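In what follows, a single structure is set out as structure tokens and then discussed.
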Amino acid sequence: MNRSLPVIGVVGTGYVGLCTAVGFASRGFKVITSTSDKLKADLINSGEPPFYEPGLKELLSEAVALGNLRCTLDREETVLESDITFITVGTPSLQDGSIDLSLVEASARDIGKALARKNKYHIVVVKSTVIPGTTVNLVKPTIEELSGKRAGIDFGLAMNPEFLREGSALYDTFNPDRVVIGEFDKRSGDVLEELYNSFYSGKVPIIRTNPFTAELIKYANNAFLALKISFINTIANICERVPDADVRDVAKAIGMDRRISPLFLNAGVGFGGSCFPKDLKALIAYSKKEGYEPTLLEEALRVNERQAIWIVDTAERKLGNLSGKVVAVLGLAFKPGTDDMREAPSIRIVKELLRRGAYVKAYDPAAIGNARKIFGDKVKLCESIVDCIRGSDCCMIVTEWDEFKDLAPSFFKENMRRPFIIDGRRIYDPKLFRSELEFEAVGLGGRST
């Protein structure tokens, strides 16, 4: 390893923290991470990631074996043994939609205590998704108070938002569209720009701005993508009322417009995960606190919440009263490539099915463990696709895992009591499926003849 490389500290070992740590470690940086969870620390130090993310296990185990990455339970140790410390802890939603900054504040407190014992110049970088003003108005004064040092003089401070997608987090770590640096002081900005230019060989655009703008960039980015999803789902609902209309063709055509692009124009049962719902709610709450009513953002959230119920209503229209009906749900994670079920549409769907009296069976190739924590014994969690659909009256496609895409109509006909498919992710050919069994799909209009 090049000894001139700075040592990287990462506070937090969730998706963002661990992928950031592994990314740096894989490029030869020495990285020390910290968590308050001993089980998680033990897993990481043995080369085992505490969650599912494609490719993470291989890179983590290699980094640990080479001595480039380790995890500690002591946050202060993370600071004392590094040159740059990234704060990547979670910022979950509170009841009113605003975010809980307690973990960020606790991290800042521990960093401040550590800096009080450290003479060497150190840079603190906020990577957690936080509302505008958090870096300057919370993190900065907390560290200053406990360290007795001044930001921009005795230590550096910056906000550096992440844009990682779960299921593609490592790819995004190594191939970002841009890097945003919200610098409190020029020295911090210069150091981070040099760090990232070295990491990406100068091939990734770097935007330098202030911490307030950097914080808002992250929210604006996710809000726009969420709006795009709610927009195409609104168009999908209109398509269902137009004979022979197909939202896929609509999305394909408008996506060819260079001003729009085809990304995030896949109609479905709504968005979920740890980012879009939480970030929309936080931006709405922040805007209202500042005296502005963000009605467009509020409606995007309402559209998304209603979209999950669409698939249940569709089942009821076809089957009648759902009480006693056996409904198979294929896919529980909020997206393929992850085991994450935070804010997943599947949760709203399953709970609504149960409320209407259905007997629910479910299968997911990665998220069964998390599903068991959420549903307990209220849902029959299956070990295979065939076990899930066997004897069912309806099968709902809720997550577009690759292993679901090649299933033929005959497979459903052979195993279901009533072969009725509702494609909530548009993974099947409607002409083929409608010719062989009962089939409904999001954004698919009724036949005109």
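Count along the sequence shown from 1, add 764, and you get the number used in the numbering used here.
In this text, a Cβ means the ideal position worked out from N, Cα and C, and glycines have one as well.
Being a predicted model, the structure only gives us computed values, none of them experimental.
query: Mark TYR983 as exposed unless 16 or more other C-beta atoms lie within 10 angstroms of its C-beta, in which case mark it buried.; result: buried
query: For GLU971, which of helix, strand or coil comes out of DSSP?; result: In the sequence on display, residue 971 carries Ile and not Glu. Of the three classes helix, strand and coil, the one that applies to ILE971 here is strand, per DSSP.
query: Sort GLY1188, CYS1003 and VAL889 by Cα distance to ALA1092 and report the nearest one.; result: GLY1188
query: Could you tell me how far apart the beta carbons of MET1160 and LEU1201 are, in whole angstroms, since I believe they sit closer than 8 Å?; result: That pair is no contact at about 14 Å.
query: Which residue marks the beginning of the beta strand (DSSP E) containing TYR1123, and which one marks its end?; result: 1123 to 1127
query: Given that a residue counts as buried once 16 or more other Cβ atoms are within 10 Å of its Cβ, and exposed if not, what is ALA990?; result: buried
query: The beta strand (DSSP E) spanning THR797 covers which residue range?; result: 795 to 798
query: What would DSSP say about GLY920, mapped onto helix, strand or coil?; result: strand
query: Which value, in whole angstroms, describes the spacing of the CA atoms of ARG873 and THR906?; result: 6 Å
query: Buried or exposed: ALA785, going by 16 or more other Cβ atoms within 10 Å of its Cβ?; result: buried
query: In chain order, what residues of the same chain lie with their CB nearer than 6 Å to the CB of VAL900, ignoring the 5 residues before and after it?; result: PRO975
query: Mapping the DSSP letters down to three states, classify LYS1099 as helix, strand or coil.; result: coil
query: Return helix, strand or coil for GLY773, following the three-state DSSP convention.; result: strand
query: Give me the Cβ distance between VAL853 and VAL868, rounded to the nearest whole Å; I'm assuming they're in contact under 8 Å.; result: 6 Å
query: What residue does the beta strand (DSSP E) around ASP1187 start on, and which one ends it?; result: 1184 to 1187
query: Are three or more beta carbon pairs between the stretch 919 to 929 and the stretch 942 to 951 nearer than 8 Å?; result: yes
query: What whole-angstrom Cβ distance do ASP847 and PRO770 have, given they're in contact under 8 Å?; result: 4 Å
query: Which stretch, first to last residue, makes up the beta strand (DSSP E) that contains ILE851?; result: 848 to 851
query: Shortest alpha-carbon distance to VAL795 belongs to which of ASP806, ILE772, TYR816 and GLY781?; result: ILE772
query: With the cut-off set at 8 Å, would you say SER932 and GLY1084 are in Cβ contact?; result: no
query: Count the other CB atoms within 10 Å of the CB of MET1020; is the residue buried (16 or more) or exposed (fewer)?; result: exposed
query: If GLU930 and TYR1127 are in contact, beta carbons under 8 Å, what's the gap, nearest whole angstrom?; result: 20 Å between Cβ atoms; not a contact.
query: Sorted by chain position, which residues of the same chain lie with C-beta nearer than 7 Å to ALA827's C-beta, five sequence neighbours on each side aside?; result: VAL786, ALA789, SER790 and LEU833
query: In or out: GLN1071 buried (at least 16 other Cβ within 10 Å) or exposed?; result: buried
query: Would you give the residue range spanned by the beta strand (DSSP E) that THR836 belongs to?; result: 833 to 836
query: How far does the alpha helix (DSSP H) with GLY953 in it reach, from first residue to last?; result: 950 to 963
query: Label VAL775 either buried or exposed according to how many other C-beta atoms from any shown protein chain fall within 10 Å of its C-beta, with 16 as the threshold for buried.; result: buried
query: What number of angstroms, rounded off, separates the C-alpha of PHE1197 from the C-alpha of PRO1173?; result: 6 Å
query: Would you please state the rounded distance, in angstroms, between the beta carbons of ASN986 and GLY1034? I believe it to be under 8 Å.; result: Between GLY1034 and ASN986 the Cβ distance is about 15 Å, and since that is not below 8 Å, they are no contact.
query: Taking just the CA atoms, how far does ASP1104 sit from TYR1050?; result: 26 Å
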